[in-house]
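Colleague: According to the working numbering, the stretch in the sequence shown is residues 1 to 146, in order.
This is the structure, below, for whatever I ask next.
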Amino acid sequence: MDRIDRKILDLLAEDSRLTGEQLGERVGLSPSAAHRRVKALEESGAIIGYRARLSAAARGNPSTVFVQVTLTDQRQATMLAFERAMASTPQIVEAYLMSGQSDYLIKVLVREQDSYERIHREILSALPGVQRLVSQFTIRTLEGGD
Numbered sequence: 001m002d003r004i005d006r007k008i009l010d011l012l013a014e015d016s017r018l019t020g021e022q023l024g025e026r027v028g029l030s031p032s033a034a035h036r037r038v039k040a041l042e043e044s045g046a047i048i049g050y051r052a053r054l055s056a057a058a059r060g061n062p063s064t065v066f067v068q069v070t071l072t073d074q075r076q077a078t079m080l081a082f083e084r085a086m087a088s089t090p091q092i093v094e095a096y097l098m099s100g101q102s103d104y105l106i107k108v109l110v111r112e113q114d115s116y117e118r119i120h121r122e123i124l125s126a127l128p129g130v131q132r133l134v135s136q137f138t139i140r141t142l143e144g145g146d
């Protein structure tokens, strides 16, 4: 990966709808050369996909809750069962295996017509291996990052 590839990645991270012509203009390549570079970046795994950034209204005006999850133990089977179940839980949009007091940090979106109490009681506490959940509610999302 060279300087031009990195610039293409930066530009696409900002606006994934840029055309080959627009990318070429910004990095000093022909549209076809820029397009070939993008395809090569996709095939190499540097670009793993594209997505639309949706408004809060389009996503059901969700509230964001960060939840620290402590498992009953850290055996591989326990962690794997938890991770598999978590992966099929649509309210969990991000998850991280953590160091420190808790085992995982998860990001939960609670749609306007739902309640965190229901999600906590019926979904999160029912995940395999869960010993403890500590929830933190966001007050406001700051712009500037994804």
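All C-beta atoms in this analysis are idealised placements derived from N, C-alpha and C, irrespective of residue type, glycine included.
DSSP three-state label for I47, please.
Modeller: As a working note, residue 47 is residue 47 in the sequence shown. Three-state result, I47: coil.
Colleague: Might you give, ordered along the chain, the residues of its own chain that have their beta carbon closer than 6 Å to the beta carbon of G45, omitting 5 neighbours on each side?
Modeller: Here the question's residue 45 lines up with position 45 in the sequence shown. Here the set comprises nothing.
Colleague: Between S30 and the rest of its own chain, which residues show a CB-CB distance below 8 Å, the 5 nearest in sequence each way excluded?
Modeller: As a working mapping, residue 30 is identified with position 30 in the sequence shown. Here the set comprises G24.
Colleague: Could you give the residue range of the beta strand (DSSP E) that holds I106?
Modeller: Stepping through the sequence shown from its first residue, residue 106 is reached at position 106. From DSSP, the beta strand (DSSP E) with I106 extends over Y104 to V110.
Colleague: At which residues does the alpha helix (DSSP H) containing E21 begin and terminate?
Modeller: Reading the sequence shown from its first residue, position 21 is the one you call residue 21. E21 -> alpha helix (DSSP H) spans G20 to V27.
Colleague: Got a sec? Which residues, its chain only, sit under 7 Å from L11 by beta carbon, not counting five neighbours each side?
Modeller: For the purposes of this step, residue 11 is taken as the residue at position 11 of the sequence shown. Taken in chain order, the residues that qualify are L18, L23 and R26.
Colleague: Quick one, are the C-beta atoms of V65 and V108 less than 8 Å apart?
Modeller: For the purposes of this step, residue 65 is taken as residue 65 along the sequence shown, with counting starting at 1. For the purposes of this step, residue 108 is taken as residue 108 along the sequence shown, with counting starting at 1. Yes.
Colleague: Report, in whole angstroms, the separation of the C-beta atoms of A34 and I8, which I expect to be a contact under 8 Å.
Modeller: For the purposes of this step, residue 34 is taken as the residue at position 34 of the sequence shown. For the purposes of this step, residue 8 is taken as the residue at position 8 of the sequence shown. Confirmed, Cβ separation roughly 7 Å.
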